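Here the structure comes first, spelled out in structure tokens, and everything after it is commentary.
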Amino acid sequence: MKRSEDTNQFDGRTSDGLDSGGDLETKPDSVEDILRSDGGTVDSPFERTATVEETRRDRIDRKLKDYLWTPWSIMRNDWRAIVGVSILVVYLLIGTVGVYLIDPTHPTHGESLVGPFEDWSHPLGTDQSGQDILSMTVYSTVPILQMMGAGALFTIVLGTGFGLVSGYKGGMVDTVLSSITDVFINIPGLPLVIVLSVLLEPEHPALVGVLLAAAAWAGLARAIRSQVLTLRGEAFVEASRAMDVPTISLLRKEILPHLMPYIVVNLVNAARRIIFAAVALYFLGILPYSDANWGVMLESAYRAGAVYRPDAIHWLLVPMIAISGISIGLVLLGQSLDRVFNPRARARHERSDDGKGSEPESEPNTTNVTQM
Amino acid sequence: MDWRIRRLGQSVFTVWAVMTLTFVLTRFMPGNPIDYFLVEVGPDLDDPAQAYEMAELYMNINPEDPLYIEYYDYMTAFMQGDLGRSMSMNMPVEEVLAIAIPWTLFVMSWAVFLGFTAGIAIGAVMAYWEGGKFDTALTGYATIITSIPFYVLALVLLTIFAYRLNWFPTGGRQPEGVEPGFNFLYLTGIVHHAMLPVFSMFVTSGMAALTMRGNSIRVLGSDYLRVARLRGLSDPTIAIHYVARNAILPMYTGLMIAIGSMFGGAVVLEEIFVYRGMGWYLIEAVRARDYPLMMGAFTVITIAVVIALLIADLTYGKIDPRAGGENREAF
Numbered sequence: 106m107k108r109s110e111d112t113n114q115f116d117g118r119t120s121d122g123l124d125s126g127g128d129l130e131t132k133p134d135s136v137e138d139i140l141r142s143d144g145g146t147v148d149s150p151f152e153r154t155a156t157v158e159e160t161r162r163d164r165i166d167r168k169l170k171d172y173l174w175t176p177w178s179i180m181r182n183d184w185r186a187i188v189g190v191s192i193l194v195v196y197l198l199i200g201t202v203g204v205y206l207i208d209p210t211h212p213t214h215g216e217s218l219v220g221p222f223e224d225w226s227h228p229l230g231t232d233q234s235g236q237d238i239l240s241m242t243v244y245s246t247v248p249i250l251q252m253m254g255a256g257a258l259f260t261i262v263l264g265t266g267f268g269l270v271s272g273y274k275g276g277m278v279d280t281v282l283s284s285i286t287d288v289f290i291n292i293p294g295l296p297l298v299i300v301l302s303v304l305l306e307p308e309h310p311a312l313v314g315v316l317l318a319a320a321a322w323a324g325l326a327r328a329i330r331s332q333v334l335t336l337r338g339e340a341f342v343e344a345s346r347a348m349d350v351p352t353i354s355l356l357r358k359e360i361l362p363h364l365m366p367y368i369v370v371n372l373v374n375a376a377r378r379i380i381f382a383a384v385a386l387y388f389l390g391i392l393p394y395s396d397a398n399w400g401v402m403l404e405s406a407y408r409a410g411a412v413y414r415p416d417a418i419h420w421l422l423v424p425m426i427a428i429s430g431i432s433i434g435l436v437l438l439g440q441s442l443d444r445v446f447n448p449r450a451r452a453r454h455e456r457s458d459d460g461k462g463s464e465p466e467s468e469p470n471t472t473n474v475t476q477m
Numbered sequence: 059m060d061w062r063i064r065r066l067g068q069s070v071f072t073v074w075a076v077m078t079l080t081f082v083l084t085r086f087m088p089g090n091p092i093d094y095f096l097v098e099v100g101p102d103l104d105d106p107a108q109a110y111e112m113a114e115l116y117m118n119i120n121p122e123d124p125l126y127i128e129y130y131d132y133m134t135a136f137m138q139g140d141l142g143r144s145m146s147m148n149m150p151v152e153e154v155l156a157i158a159i160p161w162t163l164f165v166m167s168w169a170v171f172l173g174f175t176a177g178i179a180i181g182a183v184m185a186y187w188e189g190g191k192f193d194t195a196l197t198g199y200a201t202i203i204t205s206i207p208f209y210v211l212a213l214v215l216l217t218i219f220a221y222r223l224n225w226f227p228t229g230g231r232q233p234e235g236v237e238p239g240f241n242f243l244y245l246t247g248i249v250h251h252a253m254l255p256v257f258s259m260f261v262t263s264g265m266a267a268l269t270m271r272g273n274s275i276r277v278l279g280s281d282y283l284r285v286a287r288l289r290g291l292s293d294p295t296i297a298i299h300y301v302a303r304n305a306i307l308p309m310y311t312g313l314m315i316a317i318g319s320m321f322g323g324a325v326v327l328e329e330i331f332v333y334r335g336m337g338w339y340l341i342e343a344v345r346a347r348d349y350p351l352m353m354g355a356f357t358v359i360t361i362a363v364v365i366a367l368l369i370a371d372l373t374y375g376k377i378d379p380r381a382g383g384e385n386r387e388a389f
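The listed protein sequences derive, respectively, from chains A and B.
Residues 106 to 477 (the working numbering) make up the first sequence, in order.
Residues 59 to 389 (the working numbering) make up the second sequence, in order.
This is the structure we're talking about:
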């Protein structure tokens with residue numbers, strides 16, 4: 106539709122140019138050659154359309170290349186990414202496949218407080234009521250992953266939304282949204298979540314994640330806002346605004362892509378913070394629960410005095426290792442993503458990958474050669 | 059308008075917003091305290107109507123009044139420093155909290171102070187020997203240590219140093235059987251009790267070192283530093299006046315965020331070490347369904363953070379002259 110419209114306009118202009126004629130130029134076919142002193146038919150770059158139509162397939166290919174292959178080929182060379190992604194994949198596998206491989210446990214499943222690696226029907230031992238610790242840990246992964254996903258996503262959506270709109274709009278909208286953000290930045294996160302969860306008593310893990318996000322989004326919103334403030338004065342934003350692009354699509358298509366790297370890195374960091382806070386709340390015994398998770402295991406072990414009973418120490422250690430493991434995975438992934446989106450690292454990658462192709466203009470030399 | 063006045067107004071607004079939030083939570087949330095009084099406590103009393111009086115006594119809200127009067131009563135009582143009455147301690151909330159606040163401030167300010175000082179020193183050394191063995195080893199250590207939640211580390215430290223080695227007390231905030239006051243035994247006892255909580259916050263603050271390292275490396279590569287060297291300035295002058303100053307300044311914001319999160323972290327730490335500060339009382343209140351104490355602790359913790367951030371913001375202008383107001387056109 107858009108194309109055909111453009112063509113019509115083009116034709117109309119040609120005939121118009123000829124009618125008002127008396128020109129030196131007489132060949133109507135070679136429109137490109139028309140050059141007039143009054144500037145009437147100068148071929149404007151704004152009206153030129155692509156000669157080759159981009160198919161959906163092309164577009165998908167390009168998106169894949171931009172968002173998957175290029176980052177991946179940079180990350181492939183970074184040990185942090187390899188380790189981080191592998192750790193997370195292991196946790197994902199435990200959460201999806203593991204629950205089918207390992208039987209759920211129940212009280213008096215085995216004897217009370219079997220040590221780890223003693224009895225191979227309970228590889229990691231049992232707790233005081235005889236529940237298998239390996240099985241509990243595996244089944245905990247599911248709610249933890251749900252919490253993490255829901256919480257991180259909600260943090261990002263809320264933070265980005267507030268930051269984008271208040272940074273771009275400015276004026277009254279900014280004042281109102283920034284005030285809300287500032288209030289939430291000032292409220293200490295954990296106490297707020299504690300009060301909210303006492304009153305709301307969320308039970309579904311995803312709901313817990315969303316609740317935890319209430320305390321985490323404000324910092325991101327402020328950071329995004331200050332980034333938008335530097336972008337809003339850029340020429341391409343001004344051009345879009347001059348063309349009357351609706352604010353929503355301007356934010357979505359022009360500004361958001363520039364913030365994507367930052368948002369992705371923050372998604373990973375938010376996921377880690379959500380897990381920390383969630384486990385802390387379960388450890389404090391504030392959230393209601395129906396199924397065990399790492400925090401609940403920590404709490405019951407602590408209550409049973411595992412800190413001073415040598416025979417119960419594994420009950421405390423296993424969930425600790427589980428939490429620290431996933432957190433190390435997320436930290437490493439976050440650090441390597443930071444590097445992937447760093448333009449210097451990207452430029453270096455493109456040089457080595459395509460070889461012949463477009464050399465990045467900036468970034469002089471030497472150090473890269475030695476590093477490759 | 060002067061930005062300081064605006065900043066002050068913003069803090070006042072935040073406090074007002076938080077108080078209103080607690081009012082709304084107390085009054086309207088599902089499972090709210092007022093309903094709890096009327097439904098749970100009321101029927102057990104001889105005269106069920108007494109529940110209204112109790113609600114007013116404990117929460118400063120009389121559910122029989124119209125809403126705006128409830129709100130007005132609640133806010134005026136708060137302004138006068140009346141936070142209601144704790145149900146579990148049977149004491150005015152503000153008295154309970156007044157005892158608790160200094161302990162939390164004591165432990166947490168030391169943790170933040172030591173964490174940042176050590177972080178800056180270590181980060182600077184790491185940047186100086188960038189890429190060396192010391193740098194690589196410490197970067198790895200800092201990465202792993204920031205991945206471990208501080209409460210997990212606190213539990214580990216508690217197990218090893220308090221229960222196994224008996225170097226530190228396993229809980230509490232002051233020595234037993236010693237007369238409180240300014241005597242040597244009591245003061246060292248307090249420090250002794252605070253050591254493990256401070257240490258477990260301190261060890262996990264590797265973030266400061268990593269930030270300092272990154273900042274210093276960035277400053278070390280900048281042009282004005284080359285000029286400073288060309289001018290023949292001495293190394294200590296460059297290190298302190300050029301590198302340290304410009305590397306530390308951006309960390310001030312991190313410090314402000316640390317102040318906010320330390321009060322959050324205090325809740326968990328104080329519970330683990332049975333350290334009777336604000337956080338410990340907050341959790342006790344939650345356990346006992348002592349809503350007035352819970353809301354009071356939450357409000358006071360928030361106000362403490364607001365004040366800390368206000369001080370930090372106001373002094374930042376003095377430290378970094380580049381920080382200033384902003385004027386922008388609205389779209």
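All C-beta atoms in this analysis are idealised placements derived from N, C-alpha and C, irrespective of residue type, glycine included.
Computed from a predicted model, the values in this text were never measured in an experiment.
- In this chain, the alpha helix (DSSP H) harbouring B/Y110 covers Q108 to M117.
- For A/V300, the closest Cβ of chain B is nearer than 8 Å.
- With respect to chain A, the C-beta atom of B/F257 has no partner C-beta closer than 8 Å.
- DSSP places B/P160 inside the alpha helix (DSSP H), whose first and last residues are V151 to Y186.
- From the beta-carbon of B/Y209, the residues of chain A found nearer than 7 Å are A385 and F388.
- Counted as a single uninterrupted DSSP element, the alpha helix (DSSP H) harbouring A/D166 occupies residues R161 to L169.
- Excluding the 5 residues flanking it on each side, A/D166 has no same chain C-beta neighbour closer than 7 Å.
- Considered as a whole, the segment 246-321 of chain A harbours 276-291, 294-305 and 310-318 as its complete alpha helix (DSSP H) runs of no fewer than 4 residues, in chain order.
- Residue contact with chain A for B/E122: absent (no Cβ-Cβ distance below 8 Å to any residue of chain A).
- Counting along the chain, the unbroken alpha helix (DSSP H) around A/S429 starts and ends at I418 to V445.
- Per DSSP, reduced to three states, the secondary structure at B/R65 is helical.
- Excluding sequence positions up to five before and after A/G430, its CB lies within less than 7 Å of the CB of I192, all in the same chain and listed in chain order.
- The beta carbon of A/V270 sits closer than 8 Å to the beta carbons of V278, L282 and L356 from its chain, once the five residues preceding and following it are set aside; these are given in chain order.
- Taking a Cβ-Cβ threshold of 7 Å, the residues of chain A close to B/A75 are V288, in chain order.
- Within 9 Å of the CB of A/I391, the CB atoms of chain B belong to I341, V344 and R345, in sequence order along the chain.
- Taking each of B/Q108, B/Y94, B/G190 and B/M336 in turn and checking the Cα distance to B/A362, the smallest one comes out for B/M336.
- Interface with chain B (8 Å Cβ-Cβ cutoff): A/L304 is included.
- Take B/L115, set aside five residues on each side of it, and the residues of its chain with a beta-carbon closer than 7 Å to its own are R143, in chain order.
- In its chain, beyond the 5 residues on either side, V165, W168, A169 and L172 have a beta carbon closer than 8 Å to the beta carbon of B/V256.
- At least 8 Å separates the CB of A/G314 from every CB of chain B.
- For a cut-off of 8 Å, the C-beta gap from B/I178 to B/I365 is around 24 Å, too long to register as a contact.
- In the three-state DSSP reduction, A/S240 falls in the helix class (H, G or I).
- Out of A/G220, A/P310, A/W225 and A/D232, the CA that lies nearest to the CA of A/A255 is found in A/P310.
- Taking the beta carbon of B/T204 as reference, the chain A residues within 9 Å of it are S432 and V436, listed in sequence order.
- Excluding five sequence positions before and after A/L435, the CB atoms of its chain that fall closer than 6 Å to its own CB belong to V373, A376 and R377, given in chain order.
- Cβ-Cβ distances below 6 Å link B/P150 to R143 in the same chain, with the five nearest sequence neighbours on each side left out; the list follows chain order.
- In the three-state reduction of the DSSP assignment, A/R408 falls in the helix class, which pools H, G and I.
- At least 8 Å separates the CB of A/S354 from every CB of chain B.
- Boundaries of the alpha helix (DSSP H) harbouring B/R303: R303 to I306, taken from the DSSP string.
- Within the DSSP secondary-structure output, B/S144 pairs in a beta bridge with B/M149.
- One thing to note: B/I341 has its Cβ within 8 Å of the Cβ of B/V325.
- With fewer than 16 other CB atoms across the displayed protein chains lying within 10 angstroms of its CB, A/S226 is exposed.
- Between the segment 344-356 of chain A and the segment 415-422 of chain A there are fewer than three inter-stretch CB-CB distances shorter than 8 Å, so the stretches are not counted as touching.
- For B/H250, the enclosing alpha helix (DSSP H) stretches over residues F242 to V261.
- Residue state for B/D371 is assigned as helix, using DSSP reduced to three classes.
- Against chain B, the beta carbon of A/I428 has neighbours under 7 Å at P207 and V210, listed in chain order.
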